[in-house]
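Counting in the UniProt record's numbering, the sequence shown runs from 1 upward without gaps.
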Amino acid sequence: MVIEALPLQVTAELFPNGISRYAVGGLLVGLGTVVVYLSTGISAGASTFLESTLSYVSDRSRFQQYVSSRDWRVVFTLGIILGAAVYAVVYQGGAWTTDVQPWRLLLGGLFVGIGTRVGKGCTSGHGVCGVGSASKTSIIGVLTFLAVAIITAQLISALGVSP
């Protein structure tokens, strides 16, 4: 395994809380994706869940295409949110907090939303479902997401920007 091949010091720096939580989380995400796909035939990308939720409040045909499947999508999305909340309470002793300023969170969210539309899907859809099904479009998308994220993080760090 790649992690075992890394020196312990490097592994400790990359994963200061150990790797078990990431491995378990990844297995649960993968299992959830498989269950959704096998039971519905639909990939479990999160941006589609947002669009399906908008079908409750919008009559636009773009959103209405999801009316037949929107209820289970909402339950699935709530499961993601509640799962994170339960984990935070049980294993972290309370809600997750951040030092990032609210306007930066809002601006970042807007960029992510725009990127999701331009990229025709979200990182979870392309990264978990698309790469898992060997979609060339998703593989290229994920490589692009990672490259842009790494470059952006390096630039922000070089500029000395902090939360």
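Note that beta-carbon positions come from the ideal geometry of N, C-alpha and C, so glycine has one too. Since the model is a prediction, treat every value here as computed from it, not as a measurement.
Is any beta-carbon of chain C found at less than 8 Å from that of residue i?
i, result
"residue 21", "Protein chain content of the structure displayed is limited to a single chain, and chain C is not contained in it."
Round the Cβ separation of residue i and residue j to the nearest angstrom and send it over; I've been treating them as touching at under 8 Å.
i, j, result
"residue 40", "residue 69", "7 Å"
"residue 121", "residue 52", "Actually they do not touch by this definition, with Cβ atoms about 14 Å apart."
"residue 37", "residue 55", "At roughly 21 Å, the Cβ-Cβ gap does not stay under 8 Å, so residue 37 and residue 55 are not in contact."
"residue 142", "residue 33", "Residue 142 to residue 33, Cβ: 15 Å. No contact."
"residue 88", "residue 79", "About 15 Å; that fails the 8 Å criterion."
Taking just the CA atoms, how far does residue j sit from residue i?
i, j, result
"residue 138", "residue 125", "8 Å"
"residue 17", "residue 31", "23 Å"
"residue 150", "residue 63", "33 Å"
"residue 29", "residue 74", "17 Å"
"residue 97", "residue 110", "20 Å"
"residue 101", "residue 108", "11 Å"
"residue 43", "residue 21", "24 Å"
"residue 11", "residue 59", "51 Å"
"residue 155", "residue 90", "36 Å"
"residue 57", "residue 146", "34 Å"
"residue 153", "residue 71", "37 Å"
"residue 106", "residue 114", "12 Å"
"residue 45", "residue 134", "15 Å"
"residue 144", "residue 158", "21 Å"
"residue 131", "residue 23", "18 Å"
"residue 119", "residue 81", "23 Å"
What are the boundary residues of the alpha helix (DSSP H) that includes residue i?
i, result
"residue 148", "136-158"
"residue 72", "70-92"
"residue 64", "61-64"
"residue 56", "No alpha helix (DSSP H) contains residue 56, which DSSP labels as neither H nor E."
"residue 32", "20-40"
Taking 7 Å as the cut-off, is the beta-carbon of residue i closer than that to any non-hydrogen atom of the ligand FMN?
i, result
"residue 72", "Among the components modelled here there is no ligand, and therefore nothing to report on the ligand FMN."
Review point. Of all the beta strand (DSSP E) runs that stay within the bounds of the region 99-134, which reach a length of 3 or more residues?
Key: none
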